[in-house]
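Peer 1: Quick one: the structure is below, questions incoming.
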Amino acid sequence: MPTRHDCQIGTPTDSHNASSKITNDEDATSQFTAKTPHIYSFNPLTHTQVMEDLPDSVDLKSFFVSPSSARTVPREWAVSLGRALGHWLSSFHSWAKEPAQADVALELEQNHFFRDLKFSINYDNLINMVSKYPEILEGSRAVFEKVRDMAKSESGRKDGEGFGVIHGDFWSGK
1255 MPTRHDCQIG TPTDSHNASS KITNDEDATS QFTAKTPHIY SFNPLTHTQV MEDLPDSVDL
1315 KSFFVSPSSA RTVPREWAVS LGRALGHWLS SFHSWAKEPA QADVALELEQ NHFFRDLKFS
1375 INYDNLINMV SKYPEILEGS RAVFEKVRDM AKSESGRKDG EGFGVIHGDF WSGK
């Protein structure tokens, strides 16, 4: 019997879905779908939104912190989920480059606090983990520092191919 796993990913767009289907050893099909719920209504004064219900779905964070996912996730599931998220992220970047999203990109450009917070979490904290787990990470310190320095030099760039809105700009807050 097929099993379906939906991952809700909240962004302002509602038209991009991506799925990846795999078959595991028991010949059961497992499909992950990364989908942005459709927003039917939004009231900025009350910060209220009415959005599509995605029954039998779970957001990505809940999926990974749930007791049922505490067990080892089969490689096929990880590959399927990775592909679905990769396809979704690609469609997100394509959407963000559309001329109709120029105002969204301009607004997000002003969000220096969260850009800097994301940088700190992703890169500075990684370097700090080397001291915490030197037996595992010390051999990679130079690579981590090089990646951090490269990311810092690119932070805030919007010129050229490969620069623009990133999904991290839509941080959920928790």
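Counted the way our numbering counts, the sequence shown spans residues 1255 to 1428. All C-beta atoms, glycine included, are put in the ideal place defined by N, C-alpha and C.
For residue 1302, write down the residues that DSSP places opposite it in a beta bridge.
Peer 2: Taking the first residue of the sequence shown as 1, we reach residue 1302 at position 48. Its beta-bridge partners are 1297.
Peer 1: Within 6 Å: the Cβ of residue 1303 and any heavy atom of the ligand ADP?
Peer 2: In the structure shown, the ligand ADP is absent, as is every other ligand, since no ligand is present at all.
Peer 1: Please report how far the alpha carbon of residue 1391 lies from the alpha carbon of residue 1400, in whole angstroms.
Peer 2: Walking along the sequence shown from the start, residue 1391 turns up at place 137. Walking along the sequence shown from the start, residue 1400 turns up at place 146. Cα to Cα, the separation comes out at about 14 Å.
Peer 1: Since residue 1396 and residue 1338 should fall inside the 8 Å C-beta cutoff, what is the C-beta to C-beta distance between them, to a whole number of angstroms?
Peer 2: Residue 1396 sits at position 142 when you count from the first residue of the sequence shown. Residue 1338 sits at position 84 when you count from the first residue of the sequence shown. With a Cβ gap of about 34 Å, residue 1396 and residue 1338 do not count as contacting.
Peer 1: Locate the beta strand (DSSP E) running through residue 1327, then write down its first and last residues.
Peer 2: Counted from its first residue, the sequence shown places residue 1327 at position 73. Residue 1327 -> no beta strand (DSSP E), and no H or E assigned at all.
Peer 1: Does the segment 1366-1377 touch the segment 1405-1412, meaning 3 or more C-beta pairs lie closer than 8 Å?
Peer 2: Output reads yes: the segment 1366-1377 touches the segment 1405-1412.
Peer 1: Considering just the uninterrupted stretch of the alpha helix (DSSP H) at residue 1419, what are its terminal residues?
Peer 2: Locating residue 1419 in the sequence shown gives position 165, where the first residue counts as 1. No alpha helix (DSSP H) contains residue 1419, which DSSP labels as neither H nor E.
Peer 1: Let me know the secondary structure DSSP gives residue 1311 once reduced to three states.
Peer 2: Here residue 1311 refers to the residue found at position 57 of the sequence shown. If DSSP states are grouped into helix, strand and coil, residue 1311 belongs with the strands.
Peer 1: Does the beta carbon of residue 1395 sit closer than 7 Å to a beta carbon anywhere in chain B?
Peer 2: The structure shown contains no chain B, having only a single protein chain.
Peer 1: With residue 1385 as the anchor, note down where its alpha helix (DSSP H) starts and where it stops.
Peer 2: The residue given as residue 1385 occupies position 131 in the sequence shown. Its alpha helix (DSSP H) spans residues 1379-1386.
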